[in-house]
Amino acid sequence: MAGIISKRMLCPNHIITWVISVPFQLFIDGFGLYCNMYRNITDFYLISTRLPASERRRRNNVYTISFGLHTTNFSDLIGALALGFQSLDKDIDVEIAGEGTVRIIASCLAFLSDMPQQNNNAVIKRLSATQSCWSCTVTEHQRHNMSFDTVANSQYHYQQLHIQNWVNAAPTTAMRDKLWKKHGMAKDQSPIFGICPCLNLVTFFPSDPCHSELSGIFKMVHSLLITYILTANSQKEYCQILQWFSFARQGS
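Residues in the sequence shown are numbered from 3 upward in steps of one, following the working numbering.
So this is what it looks like as structure tokens:
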């Protein structure tokens, strides 16, 4: 069930029966409908975060919001959805028979996408750029460094906004392009702000949750551990320990 918020806090002078909070995640994905990835469709799916993990995986609980054709500009597509999402983020009042007026507040907590799309969402250049991480300032020459301090070299929301304003104030186009490349940032502000005005450019974009868990990087690391790192005796001991783990009923 959605969380119930005190109506005294949100509407002290209004006749509201209930105030219901419905936080959600927005999954943005592009898939090829024309047998190649050069002409793909960008689609938006809404997933309620009030549901447990087992329920979030059910198809019936993943709601398709929109499809954008391969000729559609991403910013235009966001613009078409912005008004509706902003209204939900602010609040809408719904009359329910027998309940009176119910105020619903639905806010986006995070955006889910693969890594290239997350870079687009955070206005960061793609993985082939000199700097392409929206969480830290690692460069292409430092990616092999396993001791790189991602905490001391973190990215911050207001820091990125400050850099954008600073670069836009540069006097020449050549200078601006050089600075965009140096900081690994795209030229335009993230269109996602239209959907989520309180967007945080760092924390709202988890690192590729769509492919990294159990079927991507983690799967490769686990195979490497079992096949090449553990000895025969260690493999048996690891298997015995693993049997005590309580996995999700529908987990892999």
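Positions of the beta carbon are idealized from the N, C-alpha and C atoms, including for glycine.
- When beta bridges are read from the DSSP output, Arg105 appears opposite Val21, Asp95.
- Residue environment for Asn122: buried (at least 16 other C-beta atoms within 10 angstroms of its C-beta).
- It is roughly 43 Å from the alpha-carbon of Ser77 to the alpha-carbon of Leu227.
- Cβ contact annotation for Gln88 (same chain, cutoff 8 Å, sequence separation greater than five): Gly196, Ile197, Pro199, in chain order.
- Residue environment: Ile17 is assigned as exposed (fewer than 16 neighbouring CB atoms within 10 Å of its CB, all protein chains considered).
- Sorting Val153, Ala171, Asn170 by C-alpha distance to the C-alpha of Val204 places Val153 at the top.
- Thr74 is positioned such that its CB atom lies no closer than 8 Å to that of Thr19.
- With fewer than 16 other CB atoms across the displayed protein chains lying within 10 angstroms of its CB, Ala99 is exposed.
- A contact between stretches requires three or more CB pairs, one per stretch, nearer than 8 Å, and the stretch 129-144 meets this requirement with the stretch 153-166.
- Shown here, Cys198 sits in coil according to DSSP, grouped into three states, outside any helix or strand.
- Secondary structure at Val223: helix, using DSSP grouped into helix, strand and coil.
- Taking Gln119 as the centre and dropping the five residues before and after it, the same chain places the C-beta of Ile30 closer than 6 Å to its C-beta, in chain order.
- In the structure shown, Thr229 adopts helical secondary structure according to DSSP, grouped into three states.
- Counting of Cβ neighbours within 10 angstroms places Ser192 among the buried residues, the total reaching 16 or more.
- According to the DSSP assignment, Val64 belongs to the beta strand (DSSP E) that extends over 64-70.
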